[in-house]
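Remarks on the structure that follows.
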Amino acid sequence: MTETPAESARSAVELLTAWLEAPDGPPDFFVARLQEHIEEHPSHDQGVAAVALVMGLTQLSGGLLVMVEHTTGIPAQEILQQFGLLYGTA
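For our numbering, add 16 to where a residue sits in the sequence shown, where the first one is 1.
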């Protein structure tokens, strides 16, 4: 079962919503929701479900970057670079 881009994005929103329950605390609810998402699919489709979720998270992140760019006037690439510096990847 392949998810559409819209379904992947909705799953990503659900997962990020779970993360917001405790962004700095124990990730129990987030991990449980992630496991539920993957386990909703038959075992032979779980890898596909994980990739679809990654694609949805990418779409969500990109959309949020563009929204921040429109709000702040800071180019999305610069915002991403700032996060890279924060996490030591740039």
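Built from N, CA and C at the ideal position, the CB exists for glycine as well.
Practice task
Could you check what DSSP says for Glu52 in three-state terms: helix, strand or coil?
Solution key: helix
Handout entry: Burial state of Ala22 (16 or more Cβ within 10 Å)
Key = exposed
Handout entry: Neighbour-count burial assignment, Ala68, 16 or more Cβ in a 10 Å radius
Key = buried
Exercise for the section: Would you mind stating whether Glu56 and Ala65 have Cβ atoms separated by less than 9 Å? Expected result: yes
Handout entry: Range covered by the alpha helix (DSSP H) that runs through Arg95
Key = Going by the sequence as given, residue 95 is Ile instead of Arg. Its alpha helix (DSSP H) spans residues Ala92 to Leu102.
Practice task
Could you round the C-beta distance between Gly78 and Ala25 to whole angstroms and report it? I think they count as a contact, below 8 Å.
Solution key: At roughly 10 Å, the Cβ-Cβ gap does not stay under 8 Å, so Gly78 and Ala25 are not in contact.
Exercise for the section: For Thr105, name the three-state secondary structure that DSSP assigns. Expected result: coil
Exercise for the section: Would you kindly work out how many angstroms separate the C-alpha atoms of Leu36 and Leu50, rounded to a whole number? Expected result: 13 Å
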